[in-house]
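A.B. asks: Supplied in structure tokens, the structure appears directly below.
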Amino acid sequence: MELLGLLENIPYQQDTFFDLSQRKVLGIAESSAKTENGFVFVAIKGTQHDGHQYIQDAITRGATAIVGEDEVEQELSVPYLRVENSREVLGRLANNFYHNPSKSKVMIGVTGTNGKTTTSYLIKHILETNGISCSLIGTIQTIINGKSEKSINTTPSSLTINQLLAKSEDLVVILEASSHGLSQYRLEGIQFDVCIFLNLTHDHLDYHKSLEEYFQSKASLFHKLKNGGIAIINTDDYWGGKLFNQLQGKVDTFSVGNSDHNDYVIDWTNQLIKSKKNNGENEWEQHKIEFPMAGIHNMYNASMAFVAAEKLAVTKEQIIAAIENFPGVDGRFEVFKQDNGSTVVIDYAHTADAIFHCLQTAKSQGAKRIVHIFGFRGNRDETKRKEMLQISADLSDQYILTLDDLNNVKLKEMLETLEALQGKFGNDKGVIMPDRTLAIEYAMTNSQSGDWIIVTGKGHERYQQTFALPIASDRETVTFLQQQKKMID
């Protein structure tokens, strides 16, 4: 591609005089280390590194042009194109280079504080069960053309997304849209056929500063709908209701909730979703949803997936059959039965709302006693910790505060934090056990029939710290302990 073609419809200022018309572009890089001969290097200011410091390295590696925000004082041997926002422009450059790949795909964007992964995997399962091939870009992994790779971020960079879309031969692409990804322009230039809003609860306020700012980031996904695209919104959520009102008259919008004012009505008591018949009359038809994943929150996830699949012309009967056979998702209310009659659950829940639903689900499943094991991530939103602890103290029969990712916080400092929180907001049902694997072992060893042990916070993720037992995830810890017990018995 010619450089001028790459820059089409992108405002820039050329700080050094070069003839751009003869320059060819063979690729784009946002890291100087990945720059090759003929690439355009985009200098981005990150939280730890400033790409402008690596401009000369990119040129040495063969960059044909540089795009950046800052004025560059030194004389460069290639064109320097100054823009207002490098992150935003990266998405537009990638979109131009890969010829707007989202245009030729059926794009589904899923956003929300909780439930993005479960809903995305369920939509993929429903569609593929009915012969529609899907790519998935999300928290756990990226799946393109049937091949999967572990994810680094829920929403990758705009360059990576465009590369994946260009590579995909699948008809549908399902993408988990995080608030960080949206606010950092990682979805710049991507257009969607279906956008789904699940919920918004207290999270990431160390980054967004307020719930309103957090909401605006989530809501920006719906500005990326294609002409004729549709929005599916959970209006039982306060912020979902606000978004629904904002989109009315602007976008084809479908509401999901527990009142008859919605387009799709959830009856979670009887596990039903109701939709209006296509006969012009105000009549409803009911559909029983036997979703293998328990809990009201998962009923919402299943209902949102139901609506999305129906809008993509899968029949209701086909959708229901697929939902009943959903195999589940790693680290999302993943259930392990013990020989002594107790149950262990691993869940990614890391917000107060998600913990509430996990513990309530255990109660609704007949738990005689609940033991909750969880911790707090270092250098992450500290304002949600109080509510997380209070909910656990209220709903569990015993809770164990343990370590989550320290994220460069010193162990002593985190332990002091746990002690302070326990002393101020906890109760006499709580203990502190720093080693996560030993906390799980203690709970499993001392469990009885009817007990539910709920381990939250990590889900599918691997441990960053080294613990006493020779394993690297909650799932591995549980299975290791189960196998160990069988060997002893």
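Take the sequence shown: its position 325, counted from the start at 1, is 325 in the UniProt record's numbering, and no numbers get skipped.
Backbone N, C-alpha and C fix where the C-beta goes; we use that ideal spot for every residue, glycine too.
For the beta strand (DSSP E) containing residue 135, name the first residue and the last one.
C.D. replies: 134-137
A.B. asks: Are there three or more Cβ pairs, one per stretch, closer than 8 Å when the segment 332-348 is compared with the segment 448-460?
C.D. replies: yes
A.B. asks: Using three-state DSSP, classify residue 241 as helix, strand or coil.
C.D. replies: helix
A.B. asks: Below 8 Å on the Cβ atoms is my contact criterion, and I expect residue 401 with residue 375 to pass it. Report the Cβ-Cβ distance as a whole number of Å.
C.D. replies: 6 Å
A.B. asks: Check whether the Cβ atoms of residue 387 and residue 352 sit closer than 8 Å, and answer yes or no.
C.D. replies: Against a cut-off of 8 Å, the Cβ pair of residue 352 and residue 387 comes out as a contact.
A.B. asks: Apply the 10 Å Cβ neighbour rule to residue 486 and answer buried if 16 or more other Cβ atoms are within range, or exposed otherwise.
C.D. replies: exposed
A.B. asks: With a CB to CB cut of under 6 Å and the five nearest residues on each side skipped, what residues in its chain are close to residue 294?
C.D. replies: 361, 365
A.B. asks: With 16 as the cutoff for other CB atoms within 10 Å, does residue 261 come out buried or exposed?
C.D. replies: Flag for residue 261 reads exposed.
A.B. asks: Any idea what DSSP makes of residue 227, helix, strand or coil?
C.D. replies: strand
A.B. asks: Short check: CB of residue 300 to CB of residue 273, under 8 Å?
C.D. replies: no
A.B. asks: For residue 225 and residue 175, what's the separation of their Cα atoms in angstroms?
C.D. replies: 13 Å
A.B. asks: Would residue 108 and residue 193 qualify as a contact pair, given that the criterion is a beta-carbon distance under 8 Å?
C.D. replies: yes
A.B. asks: Contact defined as beta carbons within less than 8 Å: I believe residue 372 pairs with residue 342. What is the distance between those atoms, to the nearest angstrom?
C.D. replies: Incorrect: roughly 14 Å between the Cβ atoms, too far for contact.
A.B. asks: So, helix, strand or coil for residue 166, using DSSP?
C.D. replies: helix
A.B. asks: Have a look at the DSSP bridge pairing and note the partners of residue 195.
C.D. replies: In the DSSP output, where bridge partners are listed per residue, residue 195 has 109, 231.
A.B. asks: Return the residue from the list 347, 7, 65 that minimises the CA-CA distance to residue 18.
C.D. replies: 65
A.B. asks: Checking the sheet assignment: what are the DSSP bridge partners for residue 372?
C.D. replies: 399, 454, per the DSSP bridge assignment.
A.B. asks: Can you tell me whether residue 418 is helix, strand or coil according to DSSP?
C.D. replies: helix
A.B. asks: Would you grab the beta carbon distance between residue 346 and residue 331 for me? Rounded to a whole angstrom, and I think it's under 8 Å.
C.D. replies: 6 Å
A.B. asks: Leaving out the 5 sequence neighbours to the left and right, which residues in its chain are closer than 6 Å to residue 219 when beta-carbon positions are compared?
C.D. replies: Taken in chain order, the residues that qualify are 243.
A.B. asks: Mind checking whether residue 421 and residue 469 have CB atoms under 8 Å apart?
C.D. replies: no
A.B. asks: With DSSP as the reference, please indicate the residues paired to residue 175 in a beta bridge.
C.D. replies: 109, 137
A.B. asks: State the Cα-Cα distance for the pair residue 35 and residue 74, rounded to the nearest angstrom.
C.D. replies: Distance between the alpha carbons of residue 35 and residue 74 is about 20 Å.
A.B. asks: Is residue 354 near the ligand GDP, going by C-beta to nearest heavy atom under 7 Å?
C.D. replies: Absence of the ligand GDP is noted for the structure shown, with no ligands found whatsoever.
A.B. asks: For residue 248, which option in 257, 232, 259 has the closest C-alpha, if you only look at C-alpha atoms?
C.D. replies: 232
A.B. asks: Quick one: grab the DSSP three-state call for residue 186.
C.D. replies: If DSSP states are grouped into helix, strand and coil, residue 186 belongs with coil.
A.B. asks: What are the complete beta strand (DSSP E) segments, minimum 3 residues, inside the segment 294-341?
C.D. replies: 334-337
A.B. asks: Who are the near neighbours of residue 186 in its chain, counting only those whose CB is closer than 6 Å to its CB and skipping five residues on each side?
C.D. replies: 155, 157, 158
A.B. asks: Per DSSP, residue 65 is paired with what?
C.D. replies: 40
A.B. asks: My understanding is that residue 324 touches residue 290, with C-beta atoms under 8 Å, so please give their C-beta distance in whole angstroms.
C.D. replies: 5 Å
A.B. asks: Let me make sure I understand the geometry here. Which of 162, 58, 114, 76 has the alpha-carbon closest to that of residue 98?
C.D. replies: 162
A.B. asks: Counting along the chain, where does the beta strand (DSSP E) carrying residue 286 start and finish?
C.D. replies: 284-288
A.B. asks: With H, G and I counted as helix, E and B as strand and the rest as coil, what does DSSP make of residue 484?
C.D. replies: Correct three-state label for residue 484: helix.
A.B. asks: Measure how close the beta-carbons of residue 52 and residue 43 come, nearest whole angstrom, since I'm counting them as under 8 Å.
C.D. replies: Confirmed, about 4 Å.
A.B. asks: On the premise that residue 188 lies in contact with residue 88, defined as a C-beta separation below 8 Å, what is that separation, rounded to the nearest angstrom?
C.D. replies: 5 Å
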